[in-house]
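A short write-up of the structure that comes next.
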Amino acid sequence: MVFAIPTDTCYWIGCHLNDKKWFKDIYKLKQRTKGKPISFIVKNFEELKRISTLTTEQVDFLENYKNPFTIVTHLKDDSNIPDFLKRKQKLFWIRVAEIILDKKVADKVEFPIFLTSANISEEDELYSSRDVKKIFWNKVKILLKSKINKKPPSNVIRFIWDSLDLEYLRKTYED
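So the sequence shown is residues 334 to 508, counted in this note's numbering.
This is how it looks when you write it as structure tokens:
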């Protein structure tokens with residue numbers, strides 16, 4: 334099942350990480366280029382620490398990072414990420430549910446999940462369940478109806494090696 338949920342920045346659509354069929358359907362729904370990666374969300378910082386190659390200090394840094402972020406990182410070999418994903422990409426774009434999702438929403442999904450902005454590729458993000466329904470009709474299940482105040486997308490960052498120095502792949506918020 335593909336579902337839509339409100340996050341800290343806009344509405345997103347997603348599915349469970351192991352669901353290859355729905356993963357492919359998200360690309361079709363969004364009219365997204367096949368090579369462009371989709372981020373996924375882990376439940377909390379402990380899970381991020383467990384599956385990624387980030388150091389403890391880097392994860393601690395992210396826990397205190399004040400702006401919405403997507404971290405780009407490698408995964409550990411034993412991360413339980415589906416093989417079809419590991420073959421496609423070396424770096425993964427990850428967000429953390431405990432800071433971007435309302436608890437009511439987080440309790441309705443099984444993590445980790447794919448998540449990407451609920452829009453047609455290259456078009457504006459959506460900020461209300463009504464707009465999601467208008468664009469995607471009955472192709473997605475809306476898990477929580479709400480309206481989000483318009484905000485810029487997250488900073489997309491990665492650490493330089495094992496340091497706490499950041500490289501910004503997209504910077505929409507000042508630190």
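By construction, the Cβ of each residue, glycine as well, lies at the ideal position given by its N, Cα and C atoms. Just so it is clear, the structure is predicted and the values come from calculations on it, not from any experiment.
Membership of residue 428 in the beta strand (DSSP E) is indicated by the continuous run 425-429.
Apart from sequence neighbours up to five positions away, the residues of its chain that approach residue 468 with a beta-carbon distance below 8 angstroms are 451, 452, 453 and 459, ordered along the chain. For residue 382, DSSP records no beta bridge to any residue. Between residue 375 and residue 485, the CB-CB gap reaches or exceeds 8 angstroms. For the options 415, 403 and 494, the alpha carbon positioned closest to that of residue 449 is the one of 403. When beta bridges are read from the DSSP output, residue 458 appears opposite no residue.
When the alpha-carbon of residue 477 is set against those of 508, 493, 507 and 436, the nearest one is in 436. Residue 501 counts as exposed, since fewer than 16 other beta carbons sit within 10 angstroms of its beta carbon. Residue 337 is bridged by DSSP to 346 and 475. Looking at the backbone, the Cα of residue 461 and that of residue 442 are separated by about 19 angstroms. Residue 342 and residue 488 have their C-alpha atoms some 11 angstroms from each other. If you look at residue 491, you'll find it in the beta strand (DSSP E) that goes 488-492. A contact is defined here as three or more CB-CB pairs under 8 angstroms, and the stretch 488-498 fails this definition with respect to the stretch 353-371.
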